Structures are given as C-alpha cells and as structure tokens.
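Heads up: the sequence shown is residues 181 to 566, going by my numbering.
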Amino acid sequence: MNPLNTGNFSVFSTERLILLNFNNQTAIPLQTCVIKIGSNVITQESGMPDFLRIKSLCVQVASLKNKGIRVILVTSGAVAFGRKNLKLPEKTNPVLKKQIWAANGQIALINTYQNLFADLGFAIAQILVTKEDFRDRKHYLNMKNCIEGLLSQGIIPVINENDTVAITELMFTDNDELASLTAAMINADTLILLTNVDGIYTGPPDHPDSELIHHVDSKSLDLSQYIQAGKSSFGRGGMLTKLNMAKKSANLGIRVFIANGKKEGVLDDILDGNAICTHFEPSPVKHSPKKWLAHGEQYYKGEIKINEGAKKALFSQKISSLLPVGVISFSGDFEKGDILRIIDEAGNRIGLGRAEYGIKSLTEKIGLKNQKPIIHYDYLYLFTHD
Ligand SMILES: Nc1ncnc2c1ncn2[C@@H]1O[C@H](COP(=O)(O)OP(=O)(O)O)[C@@H](O)[C@H]1O
Ligand SMILES: N[C@@H](CCC(=O)OP(=O)(O)O)C(=O)O
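What follows is the structure, given as structure tokens:
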C-alpha cells in the first residue's frame, strides 16, 4: 500500500481497496459512496441545464466505478429542467407548478444521465422516492434490497424525490436529507454533497472575511451560527440542512464531504486528497438498525416516558435494553416493529427505538420486573450527538 497523495487527507489504494485517511487517523475504506448533486450544480446561472457539467460529473463517477467503488447518485434538477421546458401561467398554484415541472423535467434529467452513462459503458436505474418509503422497516428493507441488487449488477442507481406526490408534510427537507437517509440505508462509508460553493464558510461564502471550514469532528463548535438563512437560486434546503445531515451521517460513522460540484475534477480531487472542501470526520460505525432509527424521528408511532434509573442504564457504558420496569407511561397507538420515541421524566426527548411488542402487551408489563425488553439494545438509538 502506498500513499498516493498527502494533503489534509491522504489516499491509499490496493488493487481492490481504496482507503481515505484524514490527518493520519485510522484509514477508512472507500467502497460505497452516495453522491448528491444539487440543482445549482447542474444548472447554469440562467437556469438552463448545464450539460457539460453533468457530463463531467458522469465521467468522474465512471472513473470511481472503474476503481471498483459502488456509487449511488442522488440528483436534484427535475424542477429546474421542467421550469426551462414549460412556461406556465403566472397564476398557476405554486405547488402544482412544482409538480408539473418535476413530472416533466425528471424525464429530461434521467435521459441525460442515461445517455451520458451509456456512452461510458454503464447502465443506470431510476428510483423516485417519498418520505413514506423510509417509514416502516419492511418497506425500508425492500428499497435497500433493490438498491443492493442494482449495485451488484454494476448498475448506477439514480435517485430523486418523487416531487409529483411528495408535497408538504410528505416532503424531505431536501435531497440532502434523502442522500443522508440513503447513505445510512445502504451502509455507505462516504457521502459527498456537491453544491455550488466549496463547503461551509464562517460567513457568507462571497464575503472576503469568510473562511472555509476544512475539517469538522464531534468536538467542533456548532457551525449553524455561520449559516445564512437564504439559499442559492435553485436549491431548496440551503446549507443548514447540509450541515445537519452531514453531522448526523458522521455520527453514524459515515465520512462526509461538502464540496463544489461546479469545480472541474472535484470527485477526483476528493479521492486524491486535494479537494478544497469541508470534511466531516466520522464517529465509529453504528449498526444498520440504529442508522434506520437515527432518521426515524418523524415516523414514531408511540412515545414512552422512562424513569431516571432506566435513563441512567441506557446512557451507561453497559449494553442495556429498555425494560418495562423503567417505563412510567406511554402514549400513541403502536405495534411490534413500530418506532417509539423515548422521553425522560422531564419530557426531554432522549432517543428512539423499535417496539418489541405493541400497546396491549406493554399495558400488561409496564412497571413489572423480569419482563422482555420493550426496546432491544440493537434497536435503540440515543440522541447523544444530534
Ligand atoms: N456559511 C455558509 N457557507 C456556505 N454556504 C452558505 C453559508 N450560508 C449560506 N450558504 C448558502 O448555501 C447555498 C447552498 O445550498 P443550496 O442552495 O441548498 O444548494 P444545493 O442546490 O446545492 O442543494 C450556497 O450557495 C450559499 O449561498
Ligand atoms: N427533487 C427536486 C430537488 C429538490 C432539492 O432538494 O433541491 P436541492 O436543494 O438543489 O438539492 C428536483 O429534482 O428538482
């Protein structure tokens, strides 16, 4: 193994394995990577699709594929493509406008990727999802199996939100959230969020006093103070969602880069350790069910209040499941397999878990000793770093 390059982070490669190493800490393999491409990356300032940029990104993705890396693309752009294709009357309802543009623009967007990747020798598959698809564990596993099936055939999954049905509460905050959920779902080791700036700055990116933050880890200051509320011309969520999703993913053990997709060769630079970007150091990798739970707060079906003793046990170094003896009360209508939110006596949210049984059994067991856990440790996620 030879270091190929040393900048802030270095890259080691063997024939089959590429390792990224930041500041000489433990090297992490780069085997499965989710790359999110923002609307602004693939559109010009005029709003017209930037086909040269898309082509360049496809060439770089193909190069990652040729190195044996499994790549999943999450791409925005349907609305931006549709908006340029179809002029709609001013008075059209804004939600309907977005649905029409997305329904129309997604065709051109996916065709563009399909043609470009075909020229590079790769097949792609389109996956359009809504938040609901991440709701229950069975549905989630079906989607995961499909993506893994595609990857095993060498096919590049190209994912976008199904904007025609995903409106209001059914929407992801934006595709950064979708990319981060996808990375957790398929146990990716790396998540790359490509946008139109180099990363997170200490102020507005175009301000001369603003500095790029190169490295973030669990000990870093809260960066949300630096983020401006506004977002770029075609984006939805803005930099704050990127920061939140990057932190959450890093906490699950996924290495994250926020980088400038408009820069020529950005993916190659990340791989070579030369990218000017914001890098999030990953924590130790969490088990898959915990990753599913980490993103499950919007989907919980019931809430469980636990006593101080139970809280102490859950946060201790010992591996502890949540037993009915520590449960004070519960609410909601849940069954075995549903997500539960855990709160402490003061009402603070402290974690999420998967119910081992439903309300009928919990009613019988609540407060009793020697009962089967209501949440098994393997299906317990505590909010320690969120
Ligand atoms: N502190 C900051 N550092 C970097 N970018 C910031 C910051 N605060 C706000 N932004 C804005 O966030 C934008 C990127 O987010 P967004 O518009 O959602 O892009 P995308 O379409 O790539 O998802 C940048 O163009 C920038 O204007
Ligand atoms: N699903 C939408 C993208 C929404 C979105 O999150 O956009 P962005 O903030 O540019 O990643 C579309 O394809 O237009």
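A virtual CB, placed ideally from N, CA and C, is assigned to each residue, including glycine.
What you are looking at is a predicted structure, and each value in this text was computed from that prediction instead of being measured.
Excluding five sequence positions before and after residue 487, the CB atoms of its chain that fall closer than 7 Å to its own CB belong to 506, 508, 525, given in chain order.
Restricting attention to beta strand (DSSP E) runs no shorter than 3 residues, the segment 438-514 encloses them at 458-460, 482-486, 507-512, ordered along the chain. Positions of the alpha helix (DSSP H) runs, each at least 4 residues long and wholly inside the segment 207-277, are given as 231-246, 258-265 in order along the chain. Counting only the Cα atoms, residue 542 lies some 49 Å from residue 457.
Annotation for residue 400 indicates a beta carbon at 6 Å or more from all heavy atoms of ligand 1. Taking C-alpha positions only, residue 382 is separated from residue 370 by approximately 24 Å. Between the segment 419-437 and the segment 335-344 there are fewer than three inter-stretch CB-CB distances shorter than 8 Å, so the stretches are not counted as touching. By the CB criterion at 7 Å, residue 363 and residue 251 fall outside the cutoff. Collapsing the DSSP output to three states places residue 408 in coil.
Residue 431: not part of any beta strand (DSSP E); member of the alpha helix (DSSP H) spanning 419-431, first to last residue.
Under the DSSP definition of a beta bridge, residue 553 lacks any partner. Contact between the segment 396-410 and the segment 334-341 is not established, with fewer than three Cβ pairs separated by less than 8 Å. Pairing residue 254 with residue 311 gives a Cβ-Cβ distance that is not under 7 Å. Excluding its 5 nearest sequence neighbours in each direction, residue 261 has C-beta neighbours in its own chain below 7 Å: 229, 285, 288, 289, listed in chain order. Just measuring C-alpha positions, the residue of 246, 242, 475, 549 sitting nearest residue 559 is 475. Membership of residue 548 in any alpha helix (DSSP H) is not indicated, and neither H nor E is assigned to it by DSSP. Annotated three-state conformation of residue 325 is helix, per DSSP.
Excluding five sequence positions before and after residue 244, the CB atoms of its chain that fall closer than 6 Å to its own CB belong to 251, given in chain order. The beta carbons of residue 393 and residue 437 sit no closer together than 7 Å. For residue 358, the enclosing alpha helix (DSSP H) covers residues 355-365. In this structure, DSSP gives residue 313 a helical state, which the three-state scheme calls helix. With respect to the C-alpha of residue 546, the residue from 490, 495, 517 having the closest C-alpha is 490. With 16 or more other CB atoms across the displayed protein chains lying within 10 angstroms of its CB, residue 522 is buried.
At least 7 Å separates the beta-carbon of residue 307 from that of residue 297.
The criterion of a C-beta distance shorter than 7 Å is not satisfied by residue 365 and residue 318.
Nearest in C-alpha terms to residue 564, of all of 531, 439, 549, 556, is 531. Collapsing the DSSP output to three states places residue 393 in coil.
444 is the residue among 444, 435, 265 whose C-alpha sits nearest the C-alpha of residue 232.
Going by beta carbons, residue 469 and residue 433 fall outside the 7 Å limit. Per DSSP, the continuous beta strand (DSSP E) segment holding residue 520 begins and ends at 519-523. Residue range 336-341 is occupied by the beta strand (DSSP E) that includes residue 338. For residue 292 and residue 226, the gap between their C-alpha atoms comes out near 19 Å. Between residue 502 and residue 555, the CB-CB gap stays under 7 Å. The beta-carbon distance between residue 557 and residue 519, rounded to whole angstroms, is 16 Å. This is too long to meet the 8 Å contact definition. Residue 436 is bridged by DSSP to 371, 460.
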